[in-house]
Structures are given as structure tokens and as C-alpha cells.
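S.K.: In the working numbering, the protein residues as written are 604 to 680.
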Amino acid sequence: MDDEGAICRLVKLHFQTEGYLVYTASDAEEAAGMLSRDPDLILPDINMPEADGLEFCKYVYESESCRDKVRRNVPEN
Numbered sequence: 604m605d606d607e608g609a610i611c612r613l614v615k616l617h618f619q620t621e622g623y624l625v626y627t628a629s630d631a632e633e634a635a636g637m638l639s640r641d642p643d644l645i646l647p648d649i650n651m652p653e654a655d656g657l658e659f660c661k662y663v664y665e666s667e668s669c670r671d672k673v674r675r676n677v678p679e680n
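Have a look at this one:
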């Protein structure tokens, strides 16, 4: 999930080259609509104009069906 198309294309190409099926989204709303596809990995951009990556991670964590997908690499406080 990134609002910059070039970054989405670059990340998509990298993971596709490794054999992964990749979906991209340009904002949190579009990414939320893709959660039903049961992704194994979500890479959100932290700096986005509307809902940023941290807000999106919180949304995913609060979703019962996706809670186990959230892994944090930032301090709790």
C-alpha cells in the first residue's frame, strides 16, 4: 500500500520475480477492500495523505479475521 505508483510497481515487480502473487493499493480504503483475499503479507506506507500505514495496521489488528496478520516492528509507546 503506497500512494506513489512507482514504489508500488517496484515492490510488486520484486515480489513477483520471487514467485509471489502481488496486489497493490494506492490508499487504505482500497487496501481494506483487499483483506478478503487473505493476504500473507501487507506492506503499508507509513506516510500517506489520508489514513497512514499505522492507522491501517490498527484497523487490520482490530479486524477479528486479520488480527494474526499484524506484526509490529515499532515500539508500543
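Using N, Cα and C, we set each Cβ at its ideal position, and we do this for glycine too.
(1) Using only the alpha-carbon positions, how far apart do ILE610 and ALA628 sit?
(2) Rounding to the nearest angstrom, what Cα-Cα distance links ALA631 and GLY622 in this structure?
(3) Return the CA-CA distance between ILE645 and MET604, expressed in angstroms with no decimal places.
(4) For ASP643, does the count of other Cβ atoms within 10 angstroms reach 16, so buried, or fall short, so exposed?
(5) Is it buried or exposed for ASP648, if we count other Cβ within 10 angstroms and need 16 for buried?
(6) Residue range of the alpha helix (DSSP H) that ALA631 falls in?
(7) What three-state label does DSSP hand ILE649 in the structure shown?
(8) Residues in the same chain with beta-carbon distance under 6 Å from MET651, minus the five sequence neighbours each way, listed in chain order, please.
M.R.: Looking at the coordinates:
(1) Position 7 of the sequence shown, counting from 1, holds the residue named residue 610. Position 25 of the sequence shown, counting from 1, holds the residue named residue 628. Near 11 Å, if we compare the C-alpha coordinates of ALA628 and ILE610.
(2) Numbered from its first residue, the sequence shown carries residue 631 at position 28. Numbered from its first residue, the sequence shown carries residue 622 at position 19. Computed Cα separation, rounded: 25 Å.
(3) For the purposes of this step, residue 645 is taken as the residue at position 42 of the sequence shown. For the purposes of this step, residue 604 is taken as the residue at position 1 of the sequence shown. Approximately 8 Å, taken between the alpha carbons.
(4) Here the question's residue 643 lines up with position 40 in the sequence shown. Its Cβ having fewer than 16 others within 10 Å, ASP643 is exposed.
(5) Start at 1 with the first residue of the sequence shown, and residue 648 comes out as number 45. It is buried - the Cβ of ASP648 has at least 16 other Cβ atoms within 10 Å.
(6) For the purposes of this step, residue 631 is identified with residue 28 of the sequence shown, where counting begins at 1. Start and end: 631-636.
(7) Your numbering for residue 649 matches position 46 in the sequence shown. Coil, per DSSP.
(8) Counting from one through the sequence shown, the residue named residue 651 turns up at place 48. These residues qualify, in order along the chain: ASP606.
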